[in-house]
Structure formats: structure tokens, C-alpha cells
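Asker:
Residue numbers (my numbering), protein chains in the order written: chain Z, 42 to 248; chain R, 42 to 248.
This is the structure:
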């Protein structure tokens with residue numbers, strides 16, 4: 042059975058990103074994320090954090106984490122999503138603030154994907170997934186650049202179709218940003234690769 | 042002989058980052074970066090770009106690049122810095138805008154380091170280097186978080202001293218953000234590792 046978890050990280054979340062959240066979703070508020078959840082009128086399944094940047098909420102299930110710990114709050118939330126057997130995780134409020142947080146959240150996407158969970162980071166101006174070897178289809182969106190970055194060493198056997206710059210059985214290496222600022226050319230963009238890990242990033246052109 | 046190149050990428054550059062630029066430095070303006078260079082009263086050694094986001098300057102050495110090309114403007118500038126036998130490259134105006142540009146610029150840092158050039162990205166709120174296996178010393182700055190991310194698969198034999206969270210012969214993997222949000226504890230932070238590639242990131246706490 043499919044089950045989605047929406048994790049609210051610490052940054053503000055534009056309401057357009059929350060339009061499809063339903064009562065079927067598991068909602069985890071990570072640290073300051075609970076304020077966003079409350080503002081949206083949602084009830085979190087779980088609120089967790091060290092609450093060093095904001096006070097803990099007074100209602101609902103709250104898990105207080107130590108300040109000195111190895112997991113980021115968002116990574117801990119991802120572990121909880123796994124425990125709750127969620128099959129999909131969407132992280133909101135986790136891109137566009139401090140770069141260290143954004144990069145840590147991309148790590149968490151990889152962690153989830155390696156555990157068989159389809160995971161994404163959604164921000165006001167960007168959308169990120171981490172892809173393991175396989176075949177993928179992405180529906181074109183207007184006014185976005187699509188970029189691909191290898192995350193764990195070289196990506197091999199990479200083919201792109203439906204994009205302005207297409208590739209056939211190509212390689213991407215971390216030291217050369219060949220995959221940056223591509224664009225959808227058709228209704229669907231096809232990405233497949235044989236080896237490595239890819240960061241898939243859509244950035245709005247307006248920024 | 043040491044020779045530094047300062048590359049101005051497209052984003053605005055706070056003047057505090059330019060305080061140490063001298064007439065000895067090679068200055069390359071990439072695309073819209075030439076406006077920043079002009080505003081600062083500097084004379085670029087070379088201005089290059091496709092000039093799709095801003096008109097080309099009318100003075101100085103200008104290299105016009107095709108719009109459809111594999112290199113980003115900043116990566117092309119890095120190649121030019123190599124041709125000019127620069128031993129150090131500092132990229133300004135390349136962090137904090139679109140995330141795809143920031144990640145592409147981190148790729149360019151790795152490219153330069155693999156060619157024996159010490160390279161850094163400096164922004165208003167962040168400082169980035171890419172480290173190859175070896176021993177490094179970083180002078181502590183106040184109010185920054187220091188984060189480490191593996192860039193090409195696992196980093197092994199990693200030791201940290203002088204930081205709040207120290208490590209001894211540890212491993213970092215891309216799927217777990219263990220290296221995020223560390224802090225200087227002493228005047229100098231020591232980082233050494235045996236295998237892999239590390240992104241070293243300082244982020245200001247104020248953001």
C-alpha cells in the first residue's frame with residue numbers, strides 16, 4: 042500500500058506547495074517546521090526537533106531531540122517516515138535557506154531512495170530528486186532549467202531524450218558540470234542510466 | 042611563481058569580498074560579472090560570456106561564447122585561468138543565486154583542484170572549497186558553521202581536530218549528512234583524509 046509522508050523542514054513553505062496534502066498523508070514537522078504546519082491549519086502526525094530555534098508546540102505528539110546529535114532534524118524525520126512504512130516522502134521548507142541545510146537534505150533524499158522510498162525536496166523555486174540507476178520519466182514544466190549532477194562518483198550509461206541537450210550512453214563526472222541548465226523540449230523528458238547516482242534539479246528560470 | 046585569478050560570476054559581489062584584489066591578480070569577468078567588475082573600478086584581464094543576460098562591454102578584451110555550449114561561463118573562465126598558469130582561483134558572485142549555478146560552480150572547483158589549482162567560491166554568507174586527500178588547516182572564523190560533504194563517493198580515513206565534533210579515521214557517505222553544521226572550537230581546524238573528495242563549506246550563522 043502506498044503511503045506518503047510530508048516533512049516540514051524549518052523554512053517557510055509557500056501554500057501552493059501544500060495544495061495536495063490530504064488527511065491520508067503522514068505529516069512530520071521538523072523543529073521550526075511545526076509553525077508552518079500550524080499556519081496551514083494541518084495536524085502533524087509527529088513533531089520533532091531540538092527546539093533550539095523555536096519553542097516546542099504544546100499540542101500533539103512531540104519528540105524532543107538532544108541538541109548534540111548526529112542526525113539533522115530532517116534526517117531524523119526521514120528515519121521516522123521509514124519506521125512508519127511510508128513509500129513516498131516529500132520534504133517542504135528544505136531548499137533555499139542555508140546551503141549546508143540544502144546539501145544535507147539532498148543526502149537525506151539519497152538515504153530514502155536507497156531504502157526504496159521515492160523522495161523529493163520541493164521549494165518555491167526548485168524541485169529536487171535523487172535518482173538511482175534505472176529509467177525515469179519527468180513531465181515537462183514551463184520555464185524551468187533541468188540540471189543533473191553526479192552525487193557518488195561518475196554516472197555512466199546516461200541517456201537523455203525529450204530535452205534540448207540530449208545524450209546517448211554518456212558519462213557525467215563530478216568535475217565537469219556538463220549536465221547543468223538543460224531544458225524540456227517535449228512533453229516528457231526521459232532519463233536513464235546504468236551506474237552511479239544523479240541529483241535531478243529543476244530550477245525556475247525567473248530566479 | 043604564484044599567480045591568482047579572480048573570476049566574477051553573474052551575481053552581485055559585496056565589496057568586502059574584493060578588499061584584497063590587487064593589480065597583480067588576473068581578473069576574469071564571466072558574462073554579467075563584468076558589470077560588477079566595472080562597478081568596483083577594476084580592469085578585467087578578460088571578459089567572456091554569451092552575453093544573453095547582459096550586453097557585452099565595449100572596452101577591453103572580450104571573448105564571445107556561443108549560447109549553446111557545454112561549458113558554463115564560469116567553467117570556461119576556469120579553463121582560461123589554467124591557460125594563464127594561475128596557481129589560485131577565487132570565484133566571486135557564484136553562490137547564493139540559482140542552486141544549479143552553485144552546484145555547477147562546485148564542480149568547477151573540483152576541476153581546478155584536480156589540475157593543481159587551489160580554488161574557492163566566496164559569497165556573502167558562504168565560503169566553499171573542494172578538498173582532495175591530504176591535510177588541511179583552516180583558520181577559525183566566528184559565527185560560522187563548517188560542513189563537509191563527500192562529493193565523489195565515500196570519504197575514508199577522515200580526521201577532524203579543533204572542531205566541536207571531532208572525528209578520527211572516520212568515513213563519510215553521501216547518504217548520511219554526518220558532516221553538517223560543525224563549529225570551530227579552537228583557533229585552527231585540522232582536516233585530513235585519505236580517500237575521496239570533500240566539499241568544505243562555511244556558512245554564516247546569521248542567515
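The C-beta atom is built at its ideal place from N, Cα and C for all residues, glycine as well.
Looking at the unbroken beta strand (DSSP E) that takes in residue 159 of chain R, where does it start and where does it end?
Answerer: It spans 159-163 - the beta strand (DSSP E) in which residue 159 of chain R sits, taken as one unbroken run.
Asker: Quick one: is residue 74 of chain Z buried, meaning 16 or more other Cβ sit within 10 Å of its Cβ, or exposed?
Answerer: Buried, because 16 or more other Cβ atoms sit within 10 Å of the Cβ of residue 74 of chain Z.
Asker: Would you report the Cα separation of residue 143 of chain R and residue 88 of chain R, rounded to the nearest angstrom?
Answerer: C-alpha separation (whole angstroms): 20 Å.
Asker: Counting only runs that start and end within the region 61-121 of chain R, where is the alpha helix (DSSP H) found for 4 or more residues in a row?
Answerer: For the region 61-121 of chain R, whole alpha helix (DSSP H) runs of length 4 or above, ordered along the chain, are 74-80.
Asker: Within the region 178-208 of chain R, note down every full beta strand (DSSP E) run reaching 3 residues or more, in order along the chain.
Answerer: Listed in chain order, they are 185-191 and 196-202.
Asker: With a CB to CB cut of under 8 Å and the five nearest residues on each side skipped, what residues in its chain are close to residue 236 of chain R?
Answerer: Within the same chain, residue 236 of chain R has close Cβ partners 174, 195, 196, 197 and 198.
Asker: Which value, in whole angstroms, describes the spacing of the CA atoms of residue 226 of chain Z and residue 111 of chain R?
Answerer: Whole-angstrom Cα-Cα distance: 17 Å.
Asker: Which residues mark the beginning and the end of the beta strand (DSSP E) in which residue 167 of chain Z is found?
Answerer: Counting along the chain, the beta strand (DSSP E) containing residue 167 of chain Z begins and ends at 167-172.
Asker: Taking the alpha carbon of residue 56 of chain R as the reference point, which residue from R/204, R/80 and R/238 has its own alpha carbon closest?
Answerer: Ranking the options by Cα distance to residue 56 of chain R, first place goes to R/80.
Asker: Which same chain residues, not among the five before or five after residue 207 of chain R, have their C-beta less than 7 Å away from its C-beta?
Answerer: Taken in chain order, the residues that qualify are 201.
Asker: Strictly by DSSP, which residues pair up with residue 233 of chain R?
Answerer: Beta-bridge pairing links residue 233 of chain R to R/176 and R/200.
Asker: Is residue 145 of chain Z close to chain R? Criterion is C-beta to C-beta, closer than 8 Å.
Answerer: Yes, residue 145 of chain Z lies at the interface with chain R (some Cβ there is under 8 Å from its Cβ).
Asker: Is residue 192 of chain Z close to chain R, meaning its C-beta is less than 8 Å from at least one C-beta of that chain?
Answerer: Cβ-Cβ to chain R under 8 Å: yes for residue 192 of chain Z.
Asker: Looking at the unbroken alpha helix (DSSP H) that takes in residue 147 of chain Z, where does it start and where does it end?
Answerer: Its alpha helix (DSSP H) spans residues 140-155.
Asker: Determine whether the Cβ of residue 73 of chain Z lies closer than 8 Å to any Cβ atom of chain R.
Answerer: No - not a single Cβ of chain R is within 8 Å of the one on residue 73 of chain Z.
Asker: Residue 104 of chain R: beta carbon under 7 Å from a heavy atom of the ligand ATP?
Answerer: This structure simply doesn't include the ligand ATP, nor any ligand for that matter.
Asker: Exposed or buried, which one is residue 84 of chain R when buried takes at least 16 other CB atoms within 10 Å?
Answerer: That one is exposed.
Asker: What are the boundary residues of the beta strand (DSSP E) that residue 241 of chain Z is part of?
Answerer: Where residue 241 of chain Z is concerned, the enclosing beta strand (DSSP E) stretches over 239-245.
Asker: With a Cβ-Cβ cutoff of 8 Å, do residue 131 of chain Z and residue 185 of chain Z count as a contact?
Answerer: No, the pair does not count as a contact, with Cβ atoms beyond the cut-off.
Asker: Counting C-beta neighbours from all protein chains within 10 Å, is the total for residue 119 of chain R 16 or more, i.e. buried, or is it exposed?
Answerer: By the neighbour-count rule (16 or more Cβ atoms within 10 Å), residue 119 of chain R is buried.
Asker: Would you please verify whether the beta carbon of residue 181 of chain Z is less than 8 Å from any beta carbon of chain R?
Answerer: Cβ-Cβ to chain R under 8 Å: no for residue 181 of chain Z.
Asker: Within this structure, are the beta carbons of residue 171 of chain Z and residue 160 of chain Z separated by less than 8 Å?
Answerer: Contact: yes.
Asker: Are the Cβ atoms of residue 108 of chain R and residue 91 of chain R separated by less than 8 Å?
Answerer: The answer is yes: Cβ separation under 8 Å.
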